[in-house]
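Taking it in order: structure first as structure tokens, then the write-up.
Residue numbers (this note's numbering), protein chains in the order written: chain A, 1 to 327; chain B, 1001 to 1328.
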């Protein structure tokens, strides 16, 4: 089966400085994929590049295929159909994604007119149905309201409604709940998983919050310094992370129950993209680094059926996993 | 237990807010009858969503803002009158650090000079001592003296927050208010700063008021945790126990909303309704419109914060202490 989206060797450089250094990622129909990593790891850039949303001076290389068709560098007319129609995106700051001087109806109907063959009253009826669907009470009247009349959580609901306007096959949610309070975050995540089920839509959830990703995704890819360092089903990743960086991220998370222990912090900071260390980018911060780590960057190697890790110790992980399975 | 370093009793603070240019001014009760005490060398965590009044409480505790009602006592004495010598001496013993270190630093002054500034202002030591103290402070926050010559723009987020922390510690304060100090940092850097804060607290026997919306970080660092909702404390208890066995329905929802790796969302309490608006505080228990367990009494009568056994206090008509007792 062809995957819905297949990204191969995707690279992005700004002014000659590489920020994305060869990302390979495939996403099936209806699948929920989590993308975690710290700021600057390339989580957002991957999808902005795939959708041709980066500024002109960005140098993009590699390939992004949507159901087998190359969309990287595709003409604008084709991309206009893909963006919003096939792949929709929502962002962290929903307030700045809406036009403050237009009513919600104008903005929702604009998206509907672009992507659906609807005329006249049907457009308005559909806009109302979408607002209802995302849980805005009194949708008919609220269509005439302006963005500032809604709370932060409601604005994010409206953004989700706009994203659904084109009936997309894939929704990319870039830190959709980071700016929201905990109880509102729970509401939005709940809504996202409901609409995903109802629409049979695939989702990419980009987040720095491991907990959010773990609970809402089938599979997780961990990014570090412009590369994917580990990819695994979410329950396996969090129970038994293989890459030292993934281990570090999980160890750095304070527990909510059980005894309190000192946090195992990862020393140092993320490397500057202009001064990337030779070899494995994580080696300078890695507790398990050895001399060969400095020679060449390890590529993503399979260690089990659906698990891949980019570490020179991958072979050891694979044996360990098999050893456990054999017993 | 040692006597409290800090002690606020039934403080309230409200602001006037106008809706529209000609609208009538309405009172927004940011903090409403909050009482807290922190023993020397301990950490009190304050959690709550935006608009719950946690930052206002921090500002009142530091004397950055006067309470409308209630009393603030520091080391057994009432807060000194602002702009007096006694006030200045008291101020040197307490410091605050904020969420955004870049906003708290001057971009055009080397960070070392900024760490030195409080020493100059409060006239601590000779000029040569001060240089030595700046170097010591930089080492204390696990940076090198060379970092002192740099500008804020040339440092990473974690390093900037360390500089802010070094500056706050310059006057050897007894009391430090941390207002969302690690919220803007990445997970791995957050752990570094949390560990550093824990170490420094132990070394310097600092007393901390730690304000955050992140339950995990608050639990990690606090001895006692208070949960705020719309300007009031709804639950307070020991950090180890509070999130493991929350009694108040709001605390239960907060704990449930905090996602944990390895735990699927089955059975998560999703609160309906919008975040609370401090300008339109519901009658009775402020939480009742969103509470899954609310009864008729909740809409009319404000529940008082009362002890339910152990160190736990809860402001809820329905809290029985069953959770806490079952565990005992």
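Here a beta-carbon is modelled for each residue, glycine too, at the ideal position from N, C-alpha and C.
The Cβ atoms of residue 1156 of chain B and residue 269 of chain A lie closer than 8 angstroms to each other.
Of the candidates B/1211, B/1078, B/1238 and B/1280, B/1238 places its Cα closest to the Cα of residue 1224 of chain B. Residue state for residue 1226 of chain B is assigned as strand, using DSSP reduced to three classes. Per DSSP, residue 1247 of chain B lies in no beta strand (DSSP E) segment and is marked neither H nor E.
The shortest C-alpha to C-alpha distance from residue 77 of chain A to any of A/92, A/101, A/276 and A/51 is the one to A/51.
Residues of chain B with a Cβ closer than 8 angstroms to the Cβ of residue 153 of chain A are, in chain order, 1274 and 1275. Distance from the CA atom of residue 1201 of chain B to the CA atom of residue 1248 of chain B, rounded to whole angstroms, is 30 angstroms. Look at residue 238 of chain A here: in three-state DSSP terms it is helix. Residue environment: residue 1158 of chain B is assigned as buried (16 or more neighbouring CB atoms within 10 Å of its CB, all protein chains considered).
Beyond the five residues adjoining it in sequence on each side, residue 1307 of chain B comes within less than 7 angstroms, by CB distance, of 1313 in the same chain, given in chain order. Approximately 6 angstroms separates the beta-carbon atoms of residue 1213 of chain B and residue 1049 of chain B; this is inside 8 angstroms, confirming the contact. In the DSSP assignment, residue 1308 of chain B falls outside any beta strand (DSSP E) and carries neither an H nor an E.
Rounded to the nearest whole angstrom, the C-alpha separation of residue 6 of chain A and residue 86 of chain A is 14 angstroms. Between the beta-carbon of residue 1040 of chain B and that of residue 1207 of chain B there is about 6 angstroms, and that keeps the pair under the 8 angstroms contact cut. Residue burial annotation: residue 1054 of chain B is buried, with at least 16 other C-beta atoms found within 10 angstroms of its C-beta. The segment 33-119 of chain A contains, as complete alpha helix (DSSP H) runs of 4+ residues, the segments 43-50, 76-82, 94-97 and 104-115 (chain order). Beyond the five residues adjoining it in sequence on each side, residue 1301 of chain B comes within less than 8 angstroms, by CB distance, of 1284, 1285 and 1317 in the same chain, given in chain order. Contact between residue 145 of chain A and residue 104 of chain A holds, since their C-beta atoms are separated by about 6 angstroms, short of 8 angstroms. Separation of residue 160 of chain A and residue 295 of chain A (C-alpha to C-alpha, rounded to the nearest whole angstrom) is 45 angstroms.
Looking from the CA of residue 165 of chain A, the closest CA among A/55, A/312, A/195 and A/214 belongs to A/195. Here DSSP, grouped into helix, strand and coil, assigns residue 146 of chain A to coil. Shown here for residue 1259 of chain B: not one same chain residue has a beta carbon closer than 6 angstroms to its own, the five before and five after excluded.
In terms of Cα proximity to residue 133 of chain A, the closest of A/273, A/191, A/65 and A/43 is A/191. In this structure residue 1246 of chain B does not touch residue 1234 of chain B by the C-beta definition: roughly 10 angstroms separates them, more than the 8 angstroms allowed. Taking a 10 Å sphere around the C-beta of residue 1144 of chain B, we find fewer than 16 other C-beta atoms and assign the residue as exposed. Contact check between the segment 1006-1016 of chain B and the segment 1027-1035 of chain B: three or more CB pairs, one atom from each, fall below 8 angstroms, which counts as touching. Taking 8 angstroms as the cut-off between beta carbons, the residues of the segment 1174-1194 of chain B near chain A are 1186, 1187, 1188, 1189, 1190, 1191, 1192 and 1194, in sequence order.
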